[in-house]
Structures are given as C-alpha cells and as structure tokens.
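Here's the structure, in structure tokens; my notes come after.
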Amino acid sequence: MRVAIVGQGYVGTAVGVAAHNVGHEVVGIEIDSKKLNSLKNSLRYPISEDYTAVSGAEIVVIAVPTPLNDNREPDLSFIKIACESLKPRLSDSVLIINESTSFPGTLRNVIAPILGEGHLYASAPERVDPANEKWGITNTPRLVAGLSPEATSKAVKFYKSFCKEVVEVSTPEVAEAAKLFENTFRQVNIALVNEFAQIADALNISTFETLEAAATKPYGFMSFMQSVGVGGHCIPVDPSYLSFAAEKAGVEAAFINLANNVNAGMPRYVASRIAGLLGGSVEGKKIQVAGISYKADVSDTRESPALALIETLKEMGALVSWHDEIVGEFGGESSKPLAEVDLGVIATAHSGVDYGPWKNSGVMVIDVSTSANTGWPKFL
Ligand SMILES: NC(=O)c1ccc[n+]([C@@H]2O[C@H](COP(=O)([O-])OP(=O)(O)OC[C@H]3O[C@@H](n4cnc5c(N)ncnc54)[C@H](O)[C@@H]3O)[C@@H](O)[C@H]2O)c1
100 MRVAIVGQGY VGTAVGVAAH NVGHEVVGIE IDSKKLNSLK NSLRYPISED YTAVSGAEIV
160 VIAVPTPLND NREPDLSFIK IACESLKPRL SDSVLIINES TSFPGTLRNV IAPILGEGHL
220 YASAPERVDP ANEKWGITNT PRLVAGLSPE ATSKAVKFYK SFCKEVVEVS TPEVAEAAKL
280 FENTFRQVNI ALVNEFAQIA DALNISTFET LEAAATKPYG FMSFMQSVGV GGHCIPVDPS
340 YLSFAAEKAG VEAAFINLAN NVNAGMPRYV ASRIAGLLGG SVEGKKIQVA GISYKADVSD
400 TRESPALALI ETLKEMGALV SWHDEIVGEF GGESSKPLAE VDLGVIATAH SGVDYGPWKN
460 SGVMVIDVST SANTGWPKFL
C-alpha cells in the first residue's frame with residue numbers, strides 16, 4: 100500500500116519503519132526542517148516537508164503532537180493544521196488513520212469534518228513505549244476502529260501487515276477512550292504510590308520494602324514505583340484529555356485531578372526532604388542531579404519532573420548542576436561531569452552511568468529514580 104505518515108517523531112517514525120519493513124511504499128511528512136535533515140540519512144524511506152508527497156497515497160496516518168495549552172487543556176492545533184495541509188492533496192477514498200492521542204470524538208468531530216466526505220476514517224491510537232525492549236510496535240496489540248465498516252476493515256488489514264495482534268473495537272470513540280484510560284490508570288496508580296511514600300515516611304516505614312511486600316500477593320495487585328513525579332508526553336498529559344472530555348460532559352474527574360496534583364507536588368516534596376537532609380535548608384548548598392530526562396535511556400525532557408526538582412531547588416537557593424550525557428544540552432546549560440557536591444540526587448537512572456566520582460569522594464547520594472537498582476538505597 101502507498102502510505103503517507105504525517106509527523107516524523109517517535110510515533111511517526113516507528114510506524115513508518117514498521118510499514119516500510121513489510122513492503123509498504125512509505126513517505127513521511129515532517130514540517131520541522133531540523134528534524135527532517137537529521138532523519139533523512141537514518142530512515143530507509145523518503146521524508147519531505149512538502150505535502151504534495153501525499154498525493155497518490157491510499158493511506159494517510161496522522162502522528163502529530165497533542166500537548167496541553169497553558170491552561171493545561173487539550174491543544175489540537177497540530178492536528179487541525181495537519182488536516183488543513185492534507186485537505187487539498189488527498190486523492191478520493193483515502194483511508195485517514197489518526198494515531199495521535201486525543202479525547203473521544205476527535206476523529207469524528209474534528210478530523211473528518213475538516214477533511215470532508217469521500218474518505219474513510221479510522222482511529223488506531225499508538226501505544227509505543229520508548230526504550231521498552233520487550234514491547235514494541237509489532238508485538239503490542241493495536242486497537243482499531245473506523246467510522247464505517249469499510250474503514251475498519253481496511254485499517255485492520257493495514258495494521259495486520261506489521262502487528263501481531265489487532266483488536267477491533269466498535270467505534271473510534273472506544274479506541275480513543277481506551278488509550279486515555281490506559282495512561283490514566285498509570286497516572287492514578289503512580290500518584291497513589293507517591294502519596295503512600297509520603298505517608299510511609301511520616302510513619303517511619305520503608306516505602307520500597309512495603310511495596311515489595313505487597314507485590315508478593317499473586318492476584319489483585321500491580322506494582323508501581325514511587326518517584327520524583329511523572330514526565331513525558333503521555334502520563335502527565337493524556338489524563339487531562341480525559342478530564343477535559345469528562346468536564347465537557349458534566350462529570351467531575353476527581354481521581355484524575357487529584358492524581359495530577361499529587362504527582363505535580365512530588366518535586367517540591369522531594370526538595371523539602373532534601374532540605375531536611377541538609378540541616379533544614381538548601382541555601383548555598385551544591386546539589387547535582389543525575390538524569391534529567393523523564394525516563395531512563397531516552398533523551399526526551401518533556402514534562403520531566405527532574406527539571407521541576409532542579410527549578411524548585413534553585414528557587415530555594417541551592418547551587419544546582421546536572422549530569423545527563425544522553426540529554427547533553429538543556430535550557431542553555433550543558434551536562435557537567437559528576438563532581439564532589441553536598442548532595443547527589445539520582446532523578447533518572449540511565450544505564451551505564453559511572454557513579455564512581457560520587458562514590459570515591461564520599462558524596463551523600465539519594466536515589467529517587469524508578470530504576471530497580473542503582474546501588475544506592477531508595478530515598479522515597
Ligand atoms: N512518544 C510516545 O511515547 C507516544 C506514545 C503513544 C502515543 N503518542 C502520541 O502520538 C502523537 C505524536 O507523539 P510523538 O511523541 O511522536 O511526538 P513528536 O513531537 O515526537 O513528533 C511529532 C512530529 O510531528 C511533527 N509535526 C507537527 N505538526 C506537523 C504538521 N502539520 N505536518 C507534519 N509534521 C508535523 C513535529 O515536528 C514532530 O516531529 C501524540 O498525540 C502523542 O500523544 C506518543
């Protein structure tokens with residue numbers, strides 16, 4: 100099939116590579132010229148800034164960002180702009196598939212009205228988990244639903260060409276809502292362990308040991324890890340798409356709002372515990388944070404709670420530096436070698452980091468990462 104993929108980020112390149120590998124004729128559309136140039140040599144299918152490359156495509160996959168605006172409400176502007184650009188270039192009866200995460204009704208009430216009648220429409224939310232070595236695009240089951248039976252069957256056929264399991268659901272709204280619910284489930288459970296970490300500290304109990312003990316129950320329990328907060332493009336963002344839809348429908352999303360507040364409060368909580376460790380204040384103390392991306396072994400800093408921790412510590416008067424060779428540069432600052440400081444904080448534990456300089460100089464180190472074993476005891 101001739102497939103055009105709009106947006107060549109994490110999601111767009113993942114589907115592009117998978118579709119290309121099974122023999123589809125793939126073209127990628129990417130408006131960020133810097134990204135375009137950096138990707139051109141690494142991808143084995145063509146990519147372009149020019150939407151005329153979409154002409155002749157039988158399938159168009161939309162994989163553009165769906166962030167929150169300054170009021171932390173859904174920002175569908177990337178989807179809308181992509182659709183406006185696509186509209187004059189589409190052949191008749193093209194199958195449009197939206198993989199971008201959004202609230203129920205986005206395919207039916209936002210995308211289809213812009214692109215108009217005469218096309219087929221389906222929703223197939225992406226579930227890719229960057230740096231996950233076990234679950235990738237081909238072995239993670241894919242939810243698919245079209246606005247018509249023809250759209251559904253064509254979309255199912257497309258995904259079956261490179262996904263082991265394709266799960267057909269009755270409407271695009273179910274697929275859209277399932278994606279939001281999955282990430283809301285994580286967000287709420289992470290908030291619960293983060294709240295428990297605060298309770299356990301006040302009660303003088305080890306959070307880590309308690310959660311490990313609870314996890315020995317073979318049914319009805321699932322492990323989540325306490326941390327400095329949630330980050331990335333999904334967990335801090337997607338639940339707010341669901342709460343937005345809920346509120347529009349007149350329902351208060353109390354769990355989601357509470358979980359957002361608990362997770363967003365973690366950097367401040369950790370900073371206050373750090374102040375406690377350093378004699379009541381971080382004023383003038385040298386603190387170094389190891390790992391500033393939102394998760395281990397990726398360079399993505401979007402919504403990273405490590406950055407919120409750094410900001411909070413700076414506001415409290417600490418002299419903060421950071422070490423993260425995967426991120427390299429951020430906000431005009433660059434990664435600094437691990438050094439002799441008053442306190443080292445492992446916020447995100449990338450694999451292969453040599454903590455030797457901290458160990459050798461006897462630096463006090465706290466580990467607030469979600470990694471199972473960094474060699475230091477868990478602080479939370
Ligand atoms: N990253 C993940 O782990 C992940 C997982 C599942 C779902 N998602 C969802 O998938 C969607 C894309 O996420 P991502 O992580 O790939 O984002 P990304 O920012 O990595 O990539 C999106 C790309 O789209 C490009 N773009 C924006 N507007 C465009 C336009 N009009 N035409 C062409 N290109 C355009 C951007 O320049 C960017 O390169 C989002 O809705 C996200 O929530 C992401």
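Numbering of the sequence shown is given in the working numbering, commencing with residue 100 and proceeding in unit increments.
Each residue gets a CB set at the ideal place from its N, CA and C atoms; glycine is no exception.
No experiment lies behind these values; they were computed from the predicted model shown.
Assuming I465 is part of the beta strand (DSSP E), what are its boundary residues?
By one-based count along the sequence shown, residue 465 stands at place 366. Its beta strand (DSSP E) spans residues V464 to D466.
Enumerate in chain order the residues of its own chain whose CB-to-CB distance from R188 is below 7 Å, with the five nearest sequence positions on each side excluded.
Locating residue 188 in the sequence shown gives position 89, where the first residue counts as 1. Y150, T151, V153 and S154, listed in sequence order.
Which stretch, first to last residue, makes up the alpha helix (DSSP H) that contains E249?
Counted from its first residue, the sequence shown places residue 249 at position 150. For E249, the uninterrupted alpha helix (DSSP H) segment begins and ends at P248 to K259.
For ligand 1, is there a heavy atom less than 7 Å away from the beta-carbon of Q107?
Along the sequence shown, read from residue 1 onward, the residue named residue 107 stands at position 8. It does: the Cβ of Q107 is within 7 Å (strictly closer) of some heavy atom of ligand 1.
Delimiting residues of the beta strand (DSSP E) encompassing V243:
Counted from its first residue, the sequence shown places residue 243 at position 144. Its beta strand (DSSP E) spans residues R241 to G245.
Is the separation between the beta-carbon of P404 and that of M463 shorter than 8 Å?
Working through the sequence shown from its first residue, we reach residue 404 at position 305. Working through the sequence shown from its first residue, we reach residue 463 at position 364. Cβ distance not < 8 Å, so P404 and M463 don't count as in contact.
Residues bridged to S201 [DSSP beta-bridge criterion]
Here residue 201 corresponds to residue number 102 of the sequence shown, with the count starting at 1. Per the DSSP secondary-structure output, S201 pairs with nothing in a beta bridge.
is_contact[N472, chain B] using C-beta, thresh 8 Å
Absence of chain B from the displayed structure is noted, only one protein chain being present.
Go through its chain and collect everything with a Cβ distance to Y109's Cβ below 7 Å, but skip five positions before and after it.
Residue mapping note: residue 109 aligns to position 10 of the sequence shown, counting from 1. Cβ contact annotation for Y109 (same chain, cutoff 7 Å, sequence separation greater than five): V227 and P229, in chain order.
What does DSSP give as the partner residue(s) for V159 in the beta ladder?
In the sequence shown, residue 159 corresponds to position 60, counting from 1. BP columns for V159 point to A103 and I195.
Contacts around N238, its chain only, beta-carbon distance under 6 Å, and the 5 residues preceding and following it disregarded:
Position 139 of the sequence shown, counted from the start, is the residue given in the question as residue 238. K263.
Whether M480 touches I158 by CB criterion (8 Å):
Since the displayed the chain opens at 100 and closes at 479, residue 480 lies outside it and no answer follows.
Indicate whether the contact test is met: 3 or more Cβ pairs, each with one atom in the segment 332 to 340 and one in the segment 349 to 367, closer than 8 Å.
yes
Limits of the beta strand (DSSP E) - the one that K435 falls within:
Translated into positions along the sequence shown, residue 435 becomes position 336. First-last for K435: undefined, no H or E at that position.
Span separating the alpha-carbon of S322 from that of K259
Residue numbering aside, residue 322 sits at position 223 when the sequence shown is read from its first letter. Residue numbering aside, residue 259 sits at position 160 when the sequence shown is read from its first letter. So the alpha carbons of these two residues sit roughly 31 Å apart.
Restricting to Cα atoms, I'd like to know which of R372, T205, L135 and G474 is closest to D174.
Here residue 174 is taken as the residue at index 75 of the sequence shown, counted from 1. Per the Cα distances, T205.
Just to confirm, is the Cβ distance from K385 to D466 under 8 Å?
What you label residue 385 is simply residue 286 of the sequence shown in a count that begins at 1. What you label residue 466 is simply residue 367 of the sequence shown in a count that begins at 1. Not closer than 8 Å, so no.
Look at the alpha carbon of V163 and the alpha carbon of S460, and state the distance between them as a whole number of angstroms.
Position 64 of the sequence shown, counting from 1, holds the residue named residue 163. Position 361 of the sequence shown, counting from 1, holds the residue named residue 460. Answer to the nearest angstrom: the Cα atoms are 46 Å apart.
Quick one, are the C-beta atoms of A274 and V243 less than 8 Å apart?
Counted from its first residue, the sequence shown places residue 274 at position 175. Counted from its first residue, the sequence shown places residue 243 at position 144. Yes, the pair counts as a contact, with Cβ atoms nearer than the cut-off.
Where H422 and S247 are concerned, what is the direct C-alpha to C-alpha distance, given to the nearest angstrom?
Numbered from 1 along the sequence shown, position 323 holds the residue referred to as residue 422. Numbered from 1 along the sequence shown, position 148 holds the residue referred to as residue 247. So the two alpha carbons sit approximately 51 Å from each other.
Comparing the CB of S184 with every heavy atom of ligand 1, is any distance shorter than 7 Å?
As a first step, residue 184 must be located in the sequence shown, where it is residue number 85. It does: the Cβ of S184 is within 7 Å (strictly closer) of some heavy atom of ligand 1.
Look at S434 and V426 and say whether their C-beta atoms are less than 8 Å apart.
As a working note, residue 434 is residue 335 in the sequence shown. As a working note, residue 426 is residue 327 in the sequence shown. Yes. Within cutoff.
Report yes if the C-beta of G111 is less than 7 Å from at least one heavy atom of ligand 1; otherwise report no.
Residue numbering aside, residue 111 sits at position 12 when the sequence shown is read from its first letter. Result yes, Cβ under 7 Å from ligand 1.
Between K263 and ligand 1, is the CB less than 7 Å from at least one heavy atom?
Looking up residue 263 in the sequence shown gives position 164. Checking every heavy atom of ligand 1 against the Cβ of K263, none is found closer than 7 Å.
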